[in-house]
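Numbering (the numbering used here), first residue to last: 7 to 307. Yeah, the Cβ is synthetic: ideal placement off N, Cα and C, and Gly gets one too. Predicted model, so just to flag it, every value in this text is computed and none were measured.
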């Protein structure tokens, strides 16, 4: 059981395998630190202060040596081994919250602190159908290897999940994936949607500009090319919109970015890599309001 001291305030360890980008997970960690009544310390196996939110500096402890963020087989196996051999105990915190995404659950292999998780998605490469299909099209060899290793990875993840006293998931879709993967904590599992800072999207009375915004990390599994294809169709039908694609690009995603630039040739598309938070905030407040259909939103990651 999570300790009753949680009511009064506690030393809360938050584990996230990688903290090295300006992304949704990192933003949630920042808000948790700034808004929580508890003493929050973030533990990670990869921290790049210069690439993520400045507010995280000074509150993050990086285990040494750091793990690679490369998403190929050998670095991932090495990262999994190192994470599984790391231990957090009562000297470090009263309780643990795990950012459950990719390899994060492996921190439970040696940790005996009372623990809960916040699940963004369970082993996305296994349980996201769109991502599995995308990998099959892009790299059949990796897809075949994953099919062989998948059952063993699932078995390990189920064992780690049984050590959670409570599980939060970020959406109903993720809850369905958790249930389909038969991931069962020792306590309850519930949907807890991430908060949204409405100040980023509120109408300040100024006029909107004729552009649509795709904001977030530029990665192949986020299907940014779908937005470009949609704009091309709108232009073909006489639309006068433009598209802004703004987000961080990791070194191993440079080829995908170049393919997007080629796809967007001749279209009113602007790419803004590594935008500042102030720039993103301005873009969010100036873009045209729009709503993505549910199926389209899933394909956009």
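The beta carbon of residue 24 sits closer than 6 Å to the beta carbons of 52, 75 from its chain, once the five residues preceding and following it are set aside; these are given in chain order.
At a Cβ-Cβ threshold of 7 Å, residue 112 and residue 136 do not count as neighbours. Out of 282, 251, 169, 163, the CA that lies nearest to the CA of residue 108 is found in 163. 229 is the residue among 229, 103, 101, 188 whose C-alpha sits nearest the C-alpha of residue 265. Along the length of the region 141 to 168, whole beta strand (DSSP E) runs at least 3 residues long do not occur. With at least 16 other beta carbons inside 10 angstroms of its own, residue 106 counts as buried. Nearest C-alpha to residue 92 among 119, 30, 202, 77: 119. For residue 265, the enclosing alpha helix (DSSP H) has its first and last residue at 260 to 269. The Cβ atoms of residue 221 and residue 252 sit closer than 7 Å to each other. Distance between residue 176 and residue 128, taken at the CA atoms: about 11 Å. According to the DSSP secondary-structure assignment, residue 279 is paired through a beta bridge with 253.
In the DSSP assignment, residue 107 forms a beta bridge with 127. When beta bridges are read from the DSSP output, residue 68 appears opposite 50. Here residue 45 carries a strand assignment [DSSP, helix/strand/coil].
Minimum Cα-Cα distance from residue 58 among the listed residues 249, 283, 290 corresponds to 283. Shortest Cα-Cα distance from residue 157 to any of 187, 142, 183 involves 187.
Nearest C-alpha to residue 167 among 199, 143, 124: 124.
Residue 196: member of the beta strand (DSSP E) spanning 195 to 197, first to last residue. In the DSSP annotation of this structure, the continuous segment of the alpha helix (DSSP H) that includes residue 182 starts and ends at 178 to 186. Per DSSP, the unbroken alpha helix (DSSP H) holding residue 241 starts and ends at 230 to 242. With at least 16 other beta carbons inside 10 angstroms of its own, residue 191 counts as buried.
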